[in-house]
Every structure is written in C-alpha cells, then in structure tokens.
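Reading through the structure tokens given below for one structure.
There are 2 protein chains.
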Amino acid sequence: MEVDEVVCLPRLSRVAVCGGTHGNEMSGIYLVKELLKARKKVMEDEEEKPVSVMLVLSNPRAVQQCRRYIDTDLNRCFTHATLSGPMSDTTPYEIIRSRELNTMLGPKGSPGAVDLVCDLHNTTANMGLCLISYSDCDWICLHIFRHLQASRDRSCTHMPDVPLRYIHFDVSNKESYSLDSVGKHGFAMEIGPQPHGVVRSNVYTAMKAGVQHMLDWVSFFNSGTVFFCFATRFVDVFTMVKRFDYPRDSETHDITAAVHPQLQDRDFCLLHPEDPLFQTFSGETLRYKGKEPLYPFFINECAYYEKGIALSLARKRRVMIPAIRVQTEQEEQSNEQRFTSEEEE
Amino acid sequence: MEVDEVVCLPRLSRVAVCGGTHGNEMSGIYLVKELLKARKKVMEDEEEKPVSVMLVLSNPRAVQQCRRYIDTDLNRCFTHATLSGPMSDTTPYEIIRSRELNTMLGPKGSPGAVDLVCDLHNTTANMGLCLISYSDCDWICLHIFRHLQASRDRSCTHMPDVPLRYIHFDVSNKESYSLDSVGKHGFAMEIGPQPHGVVRSNVYTAMKAGVQHMLDWVSFFNSGTVFFCFATRFVDVFTMVKRFDYPRDSETHDITAAVHPQLQDRDFCLLHPEDPLFQTFSGETLRYKGKEPLYPFFINECAYYEKGIALSLARKRRVMIPAIRVQTEQEEQSNEQRFTSEEEE
Chain A
1 MEVDEVVCLP RLSRVAVCGG THGNEMSGIY LVKELLKARK KVMEDEEEKP
51 VSVMLVLSNP RAVQQCRRYI DTDLNRCFTH ATLSGPMSDT TPYEIIRSRE
101 LNTMLGPKGS PGAVDLVCDL HNTTANMGLC LISYSDCDWI CLHIFRHLQA
151 SRDRSCTHMP DVPLRYIHFD VSNKESYSLD SVGKHGFAME IGPQPHGVVR
201 SNVYTAMKAG VQHMLDWVSF FNSGTVFFCF ATRFVDVFTM VKRFDYPRDS
251 ETHDITAAVH PQLQDRDFCL LHPEDPLFQT FSGETLRYKG KEPLYPFFIN
301 ECAYYEKGIA LSLARKRRVM IPAIRVQTEQ EEQSNEQRFT SEEEE
Chain B
1 MEVDEVVCLP RLSRVAVCGG THGNEMSGIY LVKELLKARK KVMEDEEEKP
51 VSVMLVLSNP RAVQQCRRYI DTDLNRCFTH ATLSGPMSDT TPYEIIRSRE
101 LNTMLGPKGS PGAVDLVCDL HNTTANMGLC LISYSDCDWI CLHIFRHLQA
151 SRDRSCTHMP DVPLRYIHFD VSNKESYSLD SVGKHGFAME IGPQPHGVVR
201 SNVYTAMKAG VQHMLDWVSF FNSGTVFFCF ATRFVDVFTM VKRFDYPRDS
251 ETHDITAAVH PQLQDRDFCL LHPEDPLFQT FSGETLRYKG KEPLYPFFIN
301 ECAYYEKGIA LSLARKRRVM IPAIRVQTEQ EEQSNEQRFT SEEEE
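As they're listed, the protein sequences go chains A and B. When the count follows UniProt numbering, it moves up by one through the first sequence with no breaks and lands on 345 for the last residue. When the count follows UniProt numbering, it moves up by one through the second sequence with no breaks and lands on 345 for the last residue.
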C-alpha cells in the first residue's frame, strides 16, 4: 500500500461485546452484566436511544457453575467444520451453544455477520491487556489497539496504566476456532493476571475502560473521523510461533516441573537461548534450547495445563498501518453493487 | 504457667502430611506426590530406613478432576457430627472419604489418632505462609511456627524469605471441621497467592521448605532437644473475629462489587474504620464501618465466593510460649498409667 493512502472501510454498524465464553473468567462476565443493567436503566428512563451494541453472555451454563466449560471448550468450537458438523442427542452443550451464537452473531464468513466481535477473557498469566486476533493486517483491530495505547499514554479518564500488546495467531479463517472469528472483524480482549473464579477490581476496571474506549473509537470511525497515524505508523505485533508443554512423567502424564521462578510473570520479556524455562519438583533447572530469542506469553495459564501448553512464544514484528476512514454512503453502495454482481457471476 | 518452667509433652511418633484435601490446590498435591516418589526410591535403594511420616493424598477424585471437591467441601466434613452421622447410598463422596481418613489418621479425639497432622493448602489471597490452628495454646504448633520463623530469619537452606503468620480459629474441638483436627495436634499450612489449578514454583518451594523444616523440628523434639525461647517468648497470633461477604444483588444474589483495589493483596495490613473495603462495578467506594482496627486476611479467596466470605478480620495478640521438651520414657509410662487408671474410674 502507499503510505499516504487513506484506506476506506465499511461502517461498523453492528458490534458485539461478549463475556463468559469461559464461565470462570469473571471480569467479562460482570462487565457484560453491568452493561446490561445500565442499558436496562437507560431504556427504562427513555432519555437516550438504545445503544447499538449487542451484549452477549456466551456460555450461561458454565457461568452459572463458575467453570470454564460444561462439556468442551466453547472457544474452540467456531471452526467451519465444527459449526457445520453433524448433531445428535449426545452433542456436547458447547457445540450446540456455538451454533446458537453463530446464528446470533454470524453466520461466520457471511455478509450477515456482525461487523465486530470483542470477546472478553482473563488469564492467570501476567499479560496486561492484550488484543488477540487472527490477522496482522486487520486495520480496524489494529487501529482500535492504537486508540487504546493513545488513550493510556494520554492518561485518558479511567484508562489505567496497563501494559498493552497485540497478539497475532497465524491461522486461516477456515481454521480459526474462537468466538471472535464469527464477526467480520474480531478480537479477544485478554487481561491478566487474575485467578479464574476471582474478580480483581483493577482488572475489571482495565477491561471496562478498554471496552469503553473501543466503543468510543467505533463511534468516531462511524461518524467519519479520519484516523491518521501521526505519532507512528507502526504497531508491534507478537505473532505466535511455538508452544511448550510442561515436562511430564511418561507413565502418569503428571507434570514434573513448574515454570521457572525466573520466567514466571515475565510475559513479553525476551527469552534467550539457555535462559531458565522450568524448575523440576526436585529442584533441577531446565533451560530454553531454542536458537532464536523469542517473546514468551501465556506463561503458566491455568486453563492450558489440560491443553499441554506451559507457555507460548512469539516473534515481534513492526507492522505499518495506514490511515483509515469509514466509506461514504456512496462508496458503500457502489461496493455492495460490486459484491452483488460478483456473487451473480 | 511459670515462665521458666519447661513443659514436657508426649513424643510425636506419628506425623501425617496431607495434600489435595482441595483437589485444585496444586502445591500440596505435587509436594505429596514428590515425597512419595522420593520415599519409593529410598525404599528401593534400601539404604535408609523408611521415613515415619504418613503421606496422604486426601481427595484423590477431586485431584484427578482438578476441582476443589466433587460433591461437598471435604475440609468441612471432620466435625464429630458429620463423622458419626448416618450413611446411605446418596451420601456425598467427601463424607465417605472423610470417614476413611478418620479411620486412617484418627479416630478424631481418640488416643489412637496420629500425633500431628499438617494439611497443605493454597489460597489466591496474598497471605504468604500461614499456619492455621484451632488453638492458641498448642505449644507444638506454636513451636513449629517459631522454628519456621527462625529458619527464615537465619536464611536457612531453601527456606525462602516469605511472610509467616499464625492464624487461630477459635472453634471448639467438637465443632472443628477440618482434616487437621483429626490429629492430636494439627494445623493447615496455607500458602498464597497462587491461582487454584496453577502451580507456581516459588510457592511450591516455600511449601517444600516449610514441610522439611517442620519435620526437622519434630526430629529434634523427639530426640530430646529442649526448645527454649531465647530471642523472644512471644508469638503474634491472629485470631479470626469477623467475616464480610461481598455486596450482592438482593434478587440474583450476584456480587455487585469487588474488593477495593486499595485493600486487594493487603492481607495482614491493619484495616482502619472508614478505609475502603469494596468498589462496586459501577465505580462506587464502600468503606469499613467497624469501630475497631482489625487485620484482614483471606482477602478475595476464590473458593470463598460460594461461602459468602470476601475477607476475614483478625485481632492480633502476643501469646507467650513456654520452653518445651519431649517426655522421657519414664514420664510417658507414668502418664499412660495415669490415663489408664482415669479411664477405669
């Protein structure tokens, strides 16, 4: 792209904010409930018009039981294969629920899908606030990230001084598995550290601010604001390249080591070859044998023990992002016509 | 008691170290498994005689599922009432298991009970290492606590620089409900902060050191060491006096506030009247309305949401502890004779 080009993108008319995709990640659950309560009040007062944001409690049964999931991880159920697979009496609850959500917010990959899905998550890892996306060139997601950074750097109201990162999972749209992949644009907003089943006020406040600033940005964008990139044209993107499991006993499959104390809580601090990785329960240090220094994240995430992931490693790249603005009605109509005639071909 | 008196106490012949009473508190689980592995190795090598410590994985089914409990909280099942109540086909798993453990380590309150139970726990609260006991005058427990303090203060091998406190739950033996109440002496060793379902190397190491120093002390005691109190005759004891639930919605019973960020993680820091207690999800600060400054602990413990406890409050007292030594064989025999003749009366 030309650096001075202003990219025109369709209006974001329908936005979904989802919490409780994992039923024990409490910030998103209480935030969605609080926003629903506030909306009810607004609608009762009839002073303001109803907000155009869909608020979704994704896995109500898991929320009710304060568990990550009932039968299977809901946030792995949004591949095309799972969404279109066979159904029976024994279909797990989360697979049934993923189709309900796909009907509500999608269908995934269709013109009818919501424009933006923001799915709220917590982690036990010391990751600060991360946007996690399947794309490193979704200018909407990247501009929202830039807006959060700018709000924090300018000490905007209620935006706490929390580390912010953009994580990229390099997975095709077909293979993308999480709820946010159902929207035309989408990301997970992941905040930690917070134990699952616990709500920490500072984490809740950071998430509330993050969502509010995201919605503000969408309003600015829809109203025609041109988002230039004055300060810098670049965003640091952490692309996941590798994962490590814990050392395990070959017979019992029990883990035999914990994340090394020198690595614990040091998410996004560069891990060099020969740096400590694990400390066995008998006290031995195991080291990183990779050849490339990489950035660790999701270090010691509670829910990943069962997935066999002790930490993920990322490569950092600087991604240049263009100035963007919303399409005019005229541009949008001509695009729609083009889309229709392409479909007819 | 006379300050210079040396109190003589029976030998601690049988000690139990228990982990996994809550199946998602990982340090104790991995520590007991590691100690069992080490013991197996020692017994195979036949170089040393088998250790005299019983190692118990208290709730194997909950451990297997990495949940606090299957049907009900095991660590509330050791009251005399529950241990002697009726049984049926629908008796919860943990009640059945509590009787097995009572047979193995007790019976509670009987001469056949093990001499000391150390039950290993984790908390999401920032509590450091705490010994929790039902007694503020159990000289065995208090001397073990003093020994841990001294080991830390002298920077003994592997004893990390962790805050140490002694918590006292003022509950009668009849009403005492936890596994450690089955022994003649007993305490919970509680370490945090650690999310449930996660093992943090530093917390594991602190627990391993705590257990090792406790067992060392038992050996010293049994071998006839007289424990004087050179440095100080006093131990700070935190006696629980009050508990607070989260503010809740009267209809849904959902919590409507989190622990205030100025209180979060400040376990054992004196809470004064009018200090912030909670922050509601809409941003309002709720304050401590008590008249007495008290010490908060178990602040925002994950497992206590369902019990309706946001934090506990304690009064701190200095307890004077006497010098102690183990009874000689002669003293023990004369005590046994006295016990037998009392029983015959």
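Glycine residues also receive a C-beta, built at the ideal position from the N, C-alpha and C atoms. Just so we're clear, the structure is a prediction, and the values are computed from it rather than from any experiment.
Per-residue contacts from residue i into chain B (C-beta, under 8 Å)
i: N202/A; result: P261, Q264
C-beta atoms of residue i and residue j nearer than 8 Å
i: E274/B; j: Y288/B; result: yes
i: L101/B; j: S58/B; result: yes
i: E94/A; j: T72/A; result: yes
i: H22/B; j: R68/B; result: yes
i: I255/A; j: H143/A; result: no
i: Y295/B; j: L263/B; result: no
i: V117/A; j: C8/A; result: no
i: V326/A; j: F221/A; result: yes
i: F297/B; j: D267/B; result: yes
i: E34/A; j: F238/B; result: no
i: F234/A; j: A323/A; result: no
i: R165/A; j: C137/A; result: no
i: A314/B; j: M214/B; result: no
i: P86/A; j: G128/A; result: no
i: V53/A; j: V15/A; result: yes
i: G192/B; j: M26/B; result: no
i: L36/A; j: L12/A; result: no
i: K316/B; j: D216/B; result: no
i: E332/A; j: P10/A; result: yes
i: N173/A; j: G109/A; result: yes
Contacts of residue i in chain A (Cβ-Cβ under 8 Å)
i: E34/B; result: F281, S282
i: A206/B; result: Neighbours of A206/B on chain A: none; closest Cβ ~11 Å, over 8 Å.
Residue i at chain B interface by Cβ criterion, 8 Å
i: C302/A; result: yes
i: residue 351/A; result: The structure shown does not extend to residue 351/A, since chain A is modelled only from 1 to 345, so the question has no answer here.
i: Y295/A; result: no
i: V51/A; result: Legend: pLDDT at V51/A = 43, less than 50; position of this residue unreliable, value from coordinates given subsequently. For V51/A, the answer is no, since every Cβ of chain B falls outside 8 Å of its Cβ.
Per-residue contacts from residue i into chain A (C-beta, under 7 Å)
i: Y30/B; result: F281
i: P92/B; result: The contacting residues do not exist; P92/B stays about 17 Å from chain A at best.
Whole-Å CB distance - residue i paired with residue j, under 8 Å assumed
i: G308/B; j: D249/B; result: The Cβ separation is near 14 Å, so there is no contact.
i: H121/B; j: G28/B; result: 6 Å
i: V259/A; j: S201/B; result: 6 Å
i: Y177/B; j: T79/B; result: 5 Å
i: I299/A; j: A188/A; result: About 17 Å separates the two Cβ atoms, so there is no contact after all.
i: K208/A; j: L31/A; result: 6 Å
i: T123/B; j: P160/B; result: About 17 Å separates the two Cβ atoms, so there is no contact after all.
i: K184/A; j: D115/A; result: 5 Å
Cβ of residue i within 8 Å of any chain A Cβ
i: D254/B; result: yes
i: A62/B; result: no
i: Y69/B; result: no
i: Y305/B; result: yes
Proximal chain E residues relative to residue i, where beta-carbon distance stays under 7 Å
i: P195/A; result: In the displayed structure, chain E is absent; the protein chains listed are A and B.
Per-residue contacts from residue i into chain B (C-beta, under 7 Å)
i: residue 347/A; result: The first residue shown for chain A is 1 and the last is 345, placing residue 347/A beyond what the model contains.
Chain A contact residues for residue i, given Cβ-Cβ distances below 9 Å
i: Y288/B; result: Chain A residues near Y288/B: none, gap ~15 Å exceeds 9 Å.
Q: Could you list the residues in the region 102-124 of chain B with a C-beta less than 8 Å from some C-beta on chain A, going in chain order?
A: T124
Q: Compile a chain-ordered list of the residues in the region 208-238 of chain A whose CB is closer than 7 Å to at least one CB of chain B.
A: none
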